[in-house]
Every structure is written in C-alpha cells, then in structure tokens.
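Notes for the one structure printed next.
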Amino acid sequence: MLFEILNIISKWAIPFLLLVIPLYGLIKKVPVYETFVEGAEEGFTTAIKIIPFLVGMMVAISVFRASGAMEVLSNILEPVTSKMGAPAEILPLAIMRPLSGSGVLGLATELMRIYGPDSFIGRLASVMQGTTDTTFFVLTVYFGSVGIKKYRYSIVTGLVADISGFIASLYICNLLFR
Amino acid sequence: MLNVIWLLLLVSGIITAALNGNIEIVTEAALGAAKGAVEICFDLVGVMALWLGIMKIAERAGLVEGLARIMKPLMTKLFPGVPAEHPAMGAIILNLSANMLGLGNAATPFGMKAMQELQKLNNYSKEASEAMCTFLALNTSCITLIPATIIGVRLSLGSANPVEIVGPCIFATSVSMMIAVSLDYWFRNKSPLRRTK
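The following block contains the structure:
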C-alpha cells in the first residue's frame, strides 16, 4: 500500500510539474516557450561556473578514498562507534556520507548485495543513504555557483547535521530492526 | 575550515598511499576525479537548463511569489534578513520541496537559483551571508519523505519490503534537521561581524 503510493508520487512528480507550471503560465498569459528559453539560457553558465570548485573537492575526496586513508580512519573510529551499536561494515559509509553521494550509493548497494537488503546491515545502510544530503557537494556547488569562497560556519552546521543523522539512524534501526 | 579539511583529505590520502607502497593510485584517483567532476557539470547543463526554464515560467506566472506568500509566517522566522516576498524565498521553498520528494535533479537548479537571489542581498560578495548559511543548513539536513533512489536499489536487490526504511529515514532526517536549524540559529547570533568586502 505505502509502496504503491510512494511509487505513484515519485513517478508523477516530474510530469506533474512539467504540465501544471506551463499550463498555469498560459492562463496567466505568459509567453511560455519564450520564457522557458530565457530561463534555460542560464543553465549553461551556472553549470560551468561550478567546475573549478567541484574539481578541487572531488580530487581530494577521491585521493582520500582510493589511497585507503578512509579505511584507516574507519579503523580508528571503530571502537567508539561499535559501542553505539554500529557494525564495523557500516563505518566507511558513514565517513563517505558528507563527502560523496555516488560513493555512498555505491557502498550501500555493495553492502546490500553482500548481506542482503533485509539484513540489519542492509537496512541500516539504506536508512543512512536516505538520511541527510552530501554536505560537501551541496556546499561546493551552491557556494561555487555564486563565487563565494568563505563558507563561514556552514561547514560545521552541515557536519554536525551529518553526525546527528548518523546517530539517529543507528538509534532507530537498533530499535526497530535488531 | 574548508582549507584545513581539503588539505587533510589530500595529505592523509597521499601519506597512506605512500606507506602502502601504492603511490600510483594517487595519480590515477586525482586525474580520474578531475575528469569526473567536469562530466558531472556537463551532465548538469541539460537538467539545469530544463528546470531553470520551467522556473522562469513559474516566476512570470506569479507561482513562485505565491508559494512564498503561503509560507511567509515560517519563512520570515527562518530568514529574518530576507524580505518576505523576495524571489529567493520562492526558490528556497521549491528547492526544499524537491528535496523532500527525493527529486534531486530538480532540487539542484532551484537551489542555485535561490543562492543567486540570496547573493543579490549579500553585501560581502565573497563571504556567505547568514541567510545562505541557514538555507544550506536546511538543505543538507532536509527531511526526506521519499528516499526514491535507495527504494529503487532495495527493490532491484529483491527486498521483501523495499519501503520499510521510509519511516526510519523520516525520523533520522527530522532529528538532523532540528539540530541543524538550532545550531545555525546559535551560530547566527554569536558569530562575529564579517570584515572582508
């Protein structure tokens, strides 16, 4: 039941927006096609503007991950997080969460393939994947698109949100799925 | 802060690779990621153009302003520095709604539009404004009602109940959102005045 409803919403959301907004524009006598093109023009310049920011961030994250430094960090954190009810297998995912969205999705998929999507690890990985956004991607891309170089306290806020999301996921999964 | 994190990621990666006797991996990872970043940006061009076009229609038709008006009581509390009917408000609402519904590809263009509007109100063009920090605090921690991607993965791996994680996701994101908003509020009130123009 829930699955059907969610499925319908996610299937229809985009077609719905593409239908309703231009139709409403037509009612309000907006020249819809010309206006669309005018807005779309900004797409290119905005996407190009974020290239240097994204290259810088992705290179550092990729070196960190591929070199094995991520595993080192995850081994250091393991004694603390195991007390909080986190299986060791889940730690790389928690570390990647604020750094790379595609990295987290890859790790979560891999864990579910090994342990099964309905295992404790599989469920926890799913919840963690669905919780909080990729802080560094969002900050890099959003600030980059307007040329802001000083992020001030927003990094700390984002990271604390990630950590609290991780703890909340652990808590709820231990409560419901253990 | 960002300088430190960036350097830490790079330096710890290079040292680990060297200690493991596998320094080639650094070159490979760095060059691969640089290429990958540009590919992501190019993939973004089309999606950005599509949603910014649709958004322009919504703007001209008064939809974005209407949204901002409906959400005014909440939005003016969260963003005291932004005028209630400013276009930034509508873009922020669109971005957060897209995030909640798991429409990541629509959320990014709306979010960038919101940033551009907020930048017009920013007196220090190189530094984040308070409103930007609040917006990103909301954005990165935003409640997820439909974690569409992971439901899809679970389904494809044969889960007996792919959506059982929706409730826990809503719980966890609610917690992280509350904490992010409170922390941002605290920072905003204690953070020293900005100096650089």
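Top line first, the protein sequences correspond to chains A and B. Residues in the first sequence are numbered from 1 upward in steps of one, following our numbering. Residues in the second sequence are numbered from 1001 upward in steps of one, following our numbering. Think of the CB as a built atom: it goes at the ideal place given N, C-alpha and C, for glycine as much as any other residue.
Query                                                                                                                                                                    : Result
DSSP puts Lys150/A in a beta bridge; with which residues?                                                                                                                : Glu1127/B
Let me know if Lys993/B comes out buried or exposed under the rule of 16 or more other beta-carbons within 10 Å of its beta-carbon.                                      : What the structure shows of chain B is the stretch from 1001 to 1197, and residue 993/B is not part of that stretch, so it cannot be assessed.
Helix, strand or coil, according to DSSP, for Lys1072/B in the structure here?                                                                                           : helix
Chain B partners of Pro22/A, CB-CB under 8 Å?                                                                                                                            : Ile1054, Ile1057
Taking Val142/A as the query, report the chain B residues whose CB atoms sit under 7 Å from its CB, ordered along the chain.                                             : According to the sequence provided, residue 142/A is Tyr. The question's Val does not apply to it. Per Cβ cutoff of 7 Å: Gly1111, Met1112, Met1115, Leu1136.
Within this structure, are the beta carbons of Pro98/A and Leu6/A separated by less than 8 Å?                                                                            : no
Buried or exposed for Thr1196/B, please, with buried defined as at least 16 other CB atoms from any protein chain shown within 10 angstroms of its CB.                   : Confidence is the limiting factor: at Thr1196/B the pLDDT is only 48, short of 50, which leaves the residue's position unreliable and the question unanswerable from this model.
Using 8 Å for Cβ pairs, my map puts Leu1118/B next to Ser1125/B. What's the rounded Cβ distance?                                                                         : Going by Cβ atoms, the distance from Leu1118/B to Ser1125/B rounds to 11 Å, so no, they are not a contact pair.
Return the chain-ordered list of same chain residues with a C-beta closer than 6 Å to the C-beta of Ala1131/B, the five sequence neighbours on each side being excluded. : Phe1079, Gly1081, Val1082, Leu1118
Could you tell me whether any Cβ in chain A is nearer than 8 Å to the Cβ of Phe1187/B?                                                                                   : yes
Can you round the beta-carbon distance between Ser1012/B and Ala69/A to whole angstroms, since I take them to be within the 8 Å contact cut?                             : 4 Å
Nearest to Leu1019/B by alpha carbon, out of Glu41/A, Arg178/A, Phe44/A, Val72/A?                                                                                        : Val72/A
Return no unless some Cβ of chain A is closer than 8 Å to the Cβ of Val1038/B.                                                                                           : yes
Does any residue of chain A have a CB that is nearer than 8 Å to the CB of Leu1002/B?                                                                                    : yes
Measuring only between beta-carbons, confirm whether Gly68/A sits less than 8 Å from chain B.                                                                            : yes
Which residue's Cα is closest to the Cα of Glu41/A: Val1038/B, Glu1039/B, Met1048/B, Ala1037/B?                                                                          : Met1048/B
Using a Cβ-Cβ cutoff of less than 6 Å, which residues in the same chain neighbour Met1178/B once the five nearest sequence positions on both sides are dropped?          : none
Taking a cut of 7 Å between CB atoms, which residues from the segment 119-131 of chain A lie near chain B?                                                               : Arg123, Ser126, Val127, Gln129, Gly130, Thr131
When we look at the beta-carbon of Val55/A and count the other beta-carbons within 10 Å, is it buried (16 or more) or exposed?                                           : buried
Under 7 Å Cβ-Cβ, which residues of chain A neighbour Phe1079/B?                                                                                                          : In chain order: nothing, as chain A lies at least about 14 Å away.
Roughly how many angstroms separate the alpha carbons of Ile163/A and Ile1057/B, rounded to a whole number?                                                              : 39 Å
To which residues of the same chain is Pro1109/B closer than 6 Å at the C-beta, ignoring the five residues directly before and after it?                                 : Met1048, Trp1051, Leu1052
Entirely within the segment 29-65 of chain A and at least 4 residues each: give me those alpha helix (DSSP H) ranges in chain order.                                     : 32-49
Compile a chain-ordered list of the residues in the segment 75-99 of chain A whose CB is closer than 7 Å to at least one CB of chain B.                                  : none
If you draw a straight line from the alpha carbon of Phe53/A to that of Met1/A, how long is it in whole angstroms?                                                       : 43 Å
So which residues on chain A does Pro1162/B lean against when the C-beta distance must stay under 7 Å?                                                                   : Phe3
Can you give me the Cβ contacts of Ala125/A inside the same chain, cut-off strictly under 7 Å, excluding the 5 residues immediately before and after it?                 : Ile90, Leu93, Ala108, Leu111, Met112
Determine, using beta carbons only, whether Cys1169/B and Thr1144/B come nearer to each other than 8 Å.                                                                  : yes
Using beta-carbon positions only, say whether Cys1041/B and Ile48/A come within less than 8 Å of one another.                                                            : yes
Find the residues of chain C that neighbour Ala1091/B, judging by a C-beta separation of less than 9 Å, and give them in chain order.                                    : In summary, chain C is missing from the structure at hand, where the protein chains are A and B.
Give me the residue from Arg1154/B, Leu1009/B, Glu1164/B, Asn1122/B with the minimum Cα distance to Ile114/A.                                                            : Arg1154/B
In terms of residues, what are the limits of the alpha helix (DSSP H) holding Pro79/A?                                                                                   : 69-83
Considering only the alpha carbon of each residue, which of Met1001/B, Trp1186/B, Leu1009/B lies closest to Ile95/A?                                                     : Leu1009/B
Check each residue of the segment 106-119 of chain A: if its Cβ is closer than 9 Å to any Cβ of chain B, include it; give the result in chain order.                     : Ala108, Thr109, Met112, Arg113, Gly116, Pro117, Asp118
At which residue ranges does the segment 1086-1158 of chain B contain complete alpha helix (DSSP H) runs of 4 or more residues, listed in the order of the chain?        : 1087-1100, 1104-1120, 1130-1141, 1148-1156
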